[in-house]
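Each remark here refers to the structure printed beneath this line.
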Amino acid sequence: MGLFNLAGQCAVVTGSTKGIGRGIAEHMVKAGACVVVSSRIEADALCFAEELNSRYGADQIVAQGVACDIEKEDDLENLITQAIKLFGKIDTLVCNAAIMPLFGSSVDTTKEDFDRIVGCNIYQAFRLSHLVFNDMKKRGNGEHYAQGNNKVRPWGRHPGDGPCLRPTATS
0 MGLFNLAGQC AVVTGSTKGI GRGIAEHMVK AGACVVVSSR IEADALCFAE
50 ELNSRYGADQ IVAQGVACDI EKEDDLENLI TQAIKLFGKI DTLVCNAAIM
100 PLFGSSVDTT KEDFDRIVGC NIYQAFRLSH LVFNDMKKRG NGEHYAQGNN
150 KVRPWGRHPG DGPCLRPTAT S
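Numbering follows numbering that gives the first Met the number 0, with no gaps: position 52 of the sequence shown is 51.
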């Protein structure tokens, strides 16, 4: 099965209907994982999930689409709730979604715009890691990958710790 065997594992990948997130989700399904794909646009998430199911699922559901706008707290909570409801657990959380509404010189970026970008892109990874923490801790395993090539061990350096962010290269 190639380099990875993810059979029996379930993953959530944010921002997974285009680009890097789409590739991550598809490769995880190819390696045997069940994946919850998400997008701000529900139709995009449902369409990509159906594509994965028809291509790799045979007679089983291997992907499910859930709408999630990472700027909305209720959407973050719903994404995790739906993933656990659909697949019973989350083994891997990939925080791929991000916003970048501005292009051009940072000199022209207002403090408000910068605060929105940083707040959203960092907060969503922080919040999602907290939402999956209890389930992962209870089962004693799980991985969370955030933008910037960071890995979160849900139990930190010591069992019982909270989420602990550290560079993947030192994992």
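Beta carbons: idealized from backbone N, C-alpha and C, even for Gly.
Could you check what DSSP says for residue i in three-state terms: helix, strand or coil?
| i | result |
| --- | --- |
| Ala57 | coil |
| Thr16 | coil |
| Ala48 | helix |
| Ala257 | This structure cannot settle anything about residue 257, because the visible part of the chain is limited to 0 through 170. |
| Gly147 | Below a pLDDT of 50, predicted positions are generally treated as unreliable, and Gly147, at 47, falls in that range; the measurement from the model is reported next regardless. Three-state result, Gly147: coil. |
Less than 8 Å between the CB atoms is what I'm expecting for residue i and residue j, so what's the real figure, rounded?
| i | j | result |
| --- | --- | --- |
| Leu27 | Val34 | It should be noted that the sequence gives Met, not Leu, for residue 27. Confirmed, about 5 Å. |
| Ala48 | Gln59 | Their Cβ separation, rounded to whole angstroms, is 13 Å, which puts Ala48 and Gln59 out of contact at 8 Å. |
| Val93 | Val12 | 4 Å |
| Asn52 | Ala30 | Rounded, the Cβ-Cβ distance is 16 Å, inconsistent with contact. |
| Ile40 | Glu70 | Between Glu70 and Ile40 the Cβ distance is about 14 Å, and since that is not below 8 Å, they are no contact. |
Give the single residue among the options whose Cα lies nearest to the Cα of residue i.
| i | options | result |
| --- | --- | --- |
| Ala42 | Gly56, Val61, Lys17 | Lys17 |
| Pro100 | Leu92, Cys94, Val93, Thr109 | Thr109 |
| Ala96 | Gly56, Gly141, Phe3, Ala44 | Ala44 |
| Arg54 | Leu75, Gly141, Glu25, Ala82 | Glu25 |
| Ser37 | Asp68, Ile19, Gly22 | Asp68 |
| Leu78 | Leu127, Val106, Gly141, Asn133 | Leu127 |
| Gln81 | Val131, Gln123, Asp107 | Val131 |
| Met135 | Gly118, Val106, Phe102, Ile83 | Ile83 |
| Cys46 | Leu75, Ser15, Ile23, Arg115 | Ser15 |
| Leu75 | Phe125, Ile23, Gly139 | Phe125 |
| Asp73 | Ile19, Ile116, Gln123 | Gln123 |
Handout entry: Segments assigned beta strand (DSSP E), at least 3 residues, entirely inside the stretch 59–125
Key = 62–66, 91–93
Practice task
Flag this pair as touching only if the stretch 78–89 and the stretch 1–16 have three or more C-beta atom pairs under 8 Å; answer yes or no.
Solution key: yes
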